[in-house]
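Working notes for the structure below.
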Ligand SMILES: Nc1ncnc2c1ncn2[C@@H]1O[C@H](COP(=O)(O)OP(=O)(O)OP(=O)(O)O)[C@@H](O)[C@H]1O
Ligand SMILES: [Mg+2]
C-alpha cells in the first residue's frame, strides 16, 4: 500500500502550468557508443522547446531520459527544481507522445485517454478524458479501438492521452512524423495553440527544421549527442555559430579564408583573393583562419553593368544552373577559387540570368557571419 | 498498419495481368466452388478419422451382453442402461478427473506464464539467452512421456530429495509419502502438459509491443499495474489457447494417474476406460465412458469459449 500512496502524492496534479526542466552534464552511453554527450540544458517553464537534429543524433535518447525510460550514465535531471534522475517513469510528472503512438490496442480511445487519470485516481477521469478528446476533435470516436483510426486520428489520441494529465513537461517525439504534409501543417498549428492555451512546457523532437522554426520559442540543434547551438529560431537562423547549424538549418554559403585587416567593428577576410568583410560581433574568431558565411537569400544577383554599393561584399562568377520557380530564380554560381555558391533572386520582373552568364553577387557585410577557421564547410549539408 | 502492408504485399505477388481489385477477387472467390473443393480433403480426413470412430464408439456403447455369454462377447443393441451403469459407478472419477485437470491447468498457468514472460519479454533482444532457455525448457519433452513420468516417481519417492526435505522441515510427517497420492498425480499432469501451456503464451508474449509497457509506465502505472492492465489483457489469447491445450489432454490422461497414483482415491477416468477396455473387457462400458468424457469435455470447452473466448481466436 505504501507504493500506492507515494505514486498518488507524486502524481497529484500540481498547478496546471509547466515546470522548469534542467539537465546537467547528462551523458548516455550504450556499451562503447555515446548517444548523448555531456548535455546541459535549461528549459524554462511554459516554453515550447524544439530539439532538432539529424537521425541518430540522440534526440529520442534524451527524451527517454527525461521521461525516466532510460537511466543516464552520468549527470542529473531535475524538473521544477527537484532532482528526478533516480525516479522511475511512473512517478514522474512527465508524459510522452511516442514516436510510434503506443496506444493500447485492447482499450477504446476513451479508455486510452483516461488511463493516466485513472492511475492517478483522479475522480472525474472519464469526464476529463472526454473533454480532452473534444479538444482534439475526436469525441465522436471515443468508443472505437485505436486500430479503427487513421494515422492522424491515432496521433491526436496519443496527444490527448498525454495532455489530459497536465504534466509538468510534455515530451513529443516526432509526433507528426507519420502524417502527410497537409495534416502535418494543420497539426502544427493545433499543437502550438494548445501549448499556448494550457501553458505547459513542451519538448518537441523533430528533424524537420521548418517545423522546429515555426513552432518553437527555443530551438536546440543537436548533432552527435551534443547541442551545437540553441536559441530563438530567428537568432539561430540569422547567426549560426557552427558549420553544422549553418548547413542543417536552411542553406549557407561557407567560404574559408584568413583575416587580413582589422576595421574596428569589422574584419576583412581574404577568400581566394577576394576581400570579404564581416562584423566582429557576428564572427567567432577575429584573426587567423576564418570561414565567411552568407545565406543565399541575402545575396543580390546583378549583371556586370549594374551598380552596387562600394561597401558591399562582391563576388563574380559564372552561372552553372538557373532554375525558375516562379517566385524566384535559384542560381548555382561558380566563383573561381571558391567553388559553387547558391543564391536566388526574387522575381521582380527582371530578366533572369542564364546558364553561362557572368554575374555579380553582392551582399551587405552585416549579413556575413564568421565561423571558426577550422570548420568543415560541408558539415551538416546532407544530414537528414 | 499491418493489414495495409499485407494487402500491398499480396497485391505485389499477384500477376501483372491481374488488374482486378481485391474486392472483386474476394467476391469471386466467395461465389465460386473453388473453396468448396478445397475443403473436401480436410472433410474426408475428419470423416475417416473422427466421425467414423465416434459413430463406432457410440454404437458399441449401446451393445448388450446376452445372458450366459462369454467374457468379451456382446451383441448389437440399444442398451441405454449402459450409460446409467457407468455414470452410477464412476461419477466420482469423472469429477476427480476434471478437478485434477483443473488444478494442473491452473498450476501450469502459474508456472508457465512467468517462464514465458521471462523468455519473451524480459530477455527480449538477447537471442542467445532466449534460445538456450527455450531449449532447456522444451528439451525434456523430446523424451518419452512414460519415461518422464517414471522419473517423477523417482523424484517423489520416499528416498527421493523432495520427501527427504519435506520430512526434515516437518511439512510431511516422518512416515508421509508423496508417491501414490493425488499430489503426485497433479504434479505429473502439471509437468507433462506444461509446454502446451507455455508455448502459446510464449508465442503471444513474443509479439508484445514493449513500447506499450513504457507508455503505461509513462502514464503513471507501476510495473504491477502495467502487468495487470496491459500485459495480461493483451496476452489473453495465449492464455486461452494454453489453458485449453492443457486442460483437454489432462482431463483424459491415464498415464500420470496410473504411474504416480494409487488405485483407491486417485483414479482418473482415462485409467478406468483403459482397465474397462483391456482388463475387464467391458467394451460397451468403456465406450460409454469414452463417449461421456468426450461430450463433457466438449461441453466444458464450449462454456469456456463462450465465457472467455476472444475474437482473435475464433
Ligand atoms: N538501446 C540502445 N542500444 C544501443 N544503441 C542505441 C540504443 N538506443 C539508441 N542507440 C543509439 O544511439 C543513437 C541515438 O539514438 P536516438 O534514438 O536517440 O536517435 P534520434 O536522434 O532519436 O534519431 P531519429 O531521428 O532517427 O529518431 C543512435 O545511433 C542509436 O543507434
Ligand atoms: Mg528518435
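Chains as they are written, first to last, in the numbering used here: chain A, 3 to 386; chain E, 793 to 1106. A virtual CB, placed ideally from N, CA and C, is assigned to each residue, including glycine.
Check, Outcome
"Cα-Cα separation, residue 918 of chain E to residue 93 of chain A", "28 Å"
"Start-to-end residues for the beta strand (DSSP E) that takes in residue 760 of chain E", "Because chain E spans 793 through 1106 in this model, residue 760 of chain E falls outside it and cannot be assessed."
"Residue from E/1051, E/997, E/1009 with nearest C-alpha to residue 1025 of chain E", "E/997"
"Proximal residues of chain A, C-beta to C-beta of residue 1044 of chain E below 9 Å", "Residues of chain A passing the Cβ test: none, with the nearest at roughly 33 Å."
"Residue 1061 of chain E to residue 987 of chain E span [Cα, whole Å]", "23 Å"
"Rounded straight-line distance, which links the Cα of residue 874 of chain E to that of residue 1086 of chain E", "16 Å"
"Neighbouring residues, chain A, relative to residue 1025 of chain E (Cβ below 8 Å)", "108"
"Beta-carbon contacts of residue 249 of chain A that lie in its chain and below 6 Å, excluding the five residues immediately before and after", "382, 383"
"Proximity of residue 370 of chain A and residue 278 of chain A at Cβ, strictly below 8 Å", "yes"
"Cβ pair count under 8 Å reaching 3, the stretch 22 to 35 of chain A against the stretch 78 to 93 of chain A", "yes"
"Near-chain C residues of the stretch 55 to 82 of chain A - C-beta to any C-beta below 9 Å", "No chain C is present in this structure, whose protein chains are A and E."
"Residue 926 of chain E versus residue 1101 of chain E - alpha carbon distance", "28 Å"
"Complete alpha helix (DSSP H) runs within the stretch 871 to 928 of chain E (minimum length 4 residues, chain order)", "873 to 909"
"Heavy atom of ligand 2 within 7 Å of residue 946 of chain E beta-carbon", "no"
"Alpha-carbon spacing of residue 218 of chain A relative to residue 318 of chain A, whole angstroms", "38 Å"
"Counted within 10 angstroms of its Cβ, other Cβ atoms place residue 993 of chain E as buried (16 or more) or exposed", "buried"
"Pairwise C-alpha distance: residue 138 of chain A and residue 14 of chain A", "Interpretation of residue 14 of chain A is limited by its pLDDT of 35, a score under 50 that renders its predicted location unreliable; the figure taken from the coordinates is listed afterwards. Computed Cα separation, rounded: 24 Å."
"Identity of the residues DSSP links to residue 76 of chain A by a beta bridge", "A/29"
"Exposure of residue 880 of chain E, with buried meaning 16 or more beta-carbon neighbours within 10 Å", "exposed"
"Sheet register partners of residue 374 of chain A (DSSP bridge)", "A/292"
"Identified DSSP bridge partners for residue 319 of chain A", "A/361"
"Cβ neighbours of residue 1092 of chain E in the same chain (closer than 6 Å, five flanking residues each side left out)", "none"
"Within 8 Å of chain A by C-beta, residues of the stretch 981 to 1007 of chain E in sequence order", "1001, 1003, 1004, 1006, 1007"
"Test: residue 913 of chain E CB closer than 8 Å to a CB of chain A", "no"
"Beta carbon proximity, residue 1030 of chain E to chain A, threshold 8 Å", "no"
"Straight-line gap, residue 282 of chain A to residue 253 of chain A (C-alpha atoms, nearest Å)", "22 Å"
"CA-to-CA distance, residue 982 of chain E to residue 941 of chain E, given in whole angstroms", "11 Å"
"Contacts that residue 98 of chain A makes with chain E (C-beta to C-beta distance below 7 Å)", "1010"
"Extent of the continuous beta strand (DSSP E) run through residue 205 of chain A", "203 to 208"
"First through last residue of the beta strand (DSSP E) which encompasses residue 35 of chain A", "35 to 45"
"Any residue whose CB is nearer than 6 Å to a heavy atom belonging to ligand 1, listed in chain order", "A/32, A/35, A/37, A/55, A/57, A/58, A/59, A/60, A/61, A/62, A/63, A/209"
"CB contact below 8 Å: residue 1022 of chain E versus chain A", "yes"
"N- and C-terminal bounds of the beta strand (DSSP E) containing residue 851 of chain E", "No beta strand (DSSP E) contains residue 851 of chain E, which is instead part of the alpha helix (DSSP H) from 844 to 853."
"Buried versus exposed call for residue 1082 of chain E [16 or more other C-beta atoms within 10 Å across all chains shown]", "buried"
"Euclidean distance between Cα positions of residue 243 of chain A and residue 61 of chain A", "20 Å"
"Close-in-space but distant-in-sequence residues of the same chain around residue 169 of chain A (CB under 6 Å, 5 per side omitted)", "95, 96, 97"
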